[in-house]
Amino acid sequence: WTYWNRKTRIVRSSQPFFLYMICIGTFIMGSAIIPISIDDGIVSVEGCDIACMFSPWLVTYGFVIAFSALFSKTWRINQIFHHPQLRRVTVNIKDVIVPFLILLGLNTIVLICWTAISPLKWERVHTDARDDFGRPLDSTGRCTVENNKSLPFVVLLLIINMAVLLLANIQAYQARTITVEFSESKYIGIINASILQAGIIGGPLLVIAGSEPSAFVLTAVGGIFVICMSILLLIFIPKMKYLKKWKKNSSPGSSNLSGIQVLNHPKGDELKLKALRSENDQLKLAHEEDELELKLLRAEIDQLKLTLS
127 WTYWNRKTRI VRSSQPFFLY MICIGTFIMG SAIIPISIDD GIVSVEGCDI ACMFSPWLVT
187 YGFVIAFSAL FSKTWRINQI FHHPQLRRVT VNIKDVIVPF LILLGLNTIV LICWTAISPL
247 KWERVHTDAR DDFGRPLDST GRCTVENNKS LPFVVLLLII NMAVLLLANI QAYQARTITV
307 EFSESKYIGI INASILQAGI IGGPLLVIAG SEPSAFVLTA VGGIFVICMS ILLLIFIPKM
367 KYLKKWKKNS SPGSSNLSGI QVLNHPKGDE LKLKALRSEN DQLKLAHEED ELELKLLRAE
427 IDQLKLTLS
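Under the numbering used here, residues 127 to 435 are what the sequence shown spells out, in order.
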């Protein structure tokens, strides 16, 4: 959809590069559902070991790619809050690459250390229930670690990503009064809040469901699905609606404008009002000076008349 409509005003304003990063990030993050759902009934134990450790990589990298684009756009919109004279927000590739490389570097270092020091391993545990011949009746399989050595790495990943997510929510809150074209700032703010809420609620649920493999998989898959769909739906559905309306009301053609146009900024409007008031005061002062000069000229004319008479 983004490629076929890349020359329209709506997509140009939202910037295709930004939308492509959203799609790639959510695709990678959503693909983590596959290794999370794998067990030793499908592949070998070695394959399960790879799937166990591959899931955090996919979730983290997908989140970093998608969120870097969201964070960059939120940061640029927030610049209007501090610089009300700006009337158009353009997210350059550099604006996205810088937070992307920082986040990717920090997460990669933690993931490499985790994978090298204490990787997740597949383990199948048999229950105590046995038949008359002493064979186990039931068993559960899940990804485990030895002596909880993975806990520091999980905590580091959470601190890094939650801190940036919290910062993005603070920026979105500060710029909440700014109205931009196609309401993109509003939807990005909702996405950031949704991801933060999913992390706050989903994290404890994963810890609680850790001892039950089925519940853990369901919670993890549900959390990934909610985050990916909230990003995609809130980014693309409004644009599709605006595009449909725009095609009805506008003549076909491409747009050369790139970036989000600011439609309303209370702080910027207040500054404009102050500037207009200052200009009005200056005009009044100039008018008063002109009237004074006119009175002086009239007085001189009256004196000349008296002198001539």
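Every residue gets a Cβ at the ideal spot worked out from N, C-alpha and C, and that includes glycine.
- The beta carbon of Leu145 sits closer than 6 Å to the beta carbons of Thr128 from its chain, once the five residues preceding and following it are set aside; these are given in chain order.
- Taking C-alpha positions only, Phe143 is separated from Ala195 by approximately 9 Å.
- Boundaries cannot be given for Thr134, as no beta strand (DSSP E) includes it and DSSP labels it neither H nor E.
- For Gly267, the three-state secondary structure derived from DSSP is strand.
- When C-beta atoms of the segment 173 to 189 are compared with those of the segment 223 to 241, three or more pairs fall below 8 Å, so the two segments count as touching.
- Distance from the CA atom of Met179 to the CA atom of Glu338, rounded to whole angstroms, is 19 Å.
- Counting along the chain, Val290 sits inside the alpha helix (DSSP H) bounded by residues Leu277 to Gln300.
- Between the C-alpha atoms of Ala335 and Ala158 there is a straight-line separation of about 18 Å.
- Between the alpha carbons of Ile316 and Ala412 lies a distance of about 50 Å.
- Residue environment for Phe351: exposed (fewer than 16 other C-beta atoms within 10 angstroms of its C-beta).
- In this structure Ser198 touches Pro225 by the C-beta definition: roughly 6 Å separates them, less than 8 Å.
- Relative to the Cα of Tyr299, the nearest Cα in the group Pro182, Phe153, Thr200 and Lys374 belongs to Thr200.
- Here Val251 carries a strand assignment [DSSP, helix/strand/coil].
- Straight-line measurement puts the Cα of Asp166 at about 12 Å from the Cα of Lys247.
- CA-to-CA, the gap between Arg268 and Cys239 works out to about 22 Å.
- Counting every other CB atom within 10 Å of its CB across the protein chains shown gives Gln408 a total below 16, marking it as exposed.
- For the pair Ala289 and Lys374, the Cα-to-Cα distance works out to about 43 Å.
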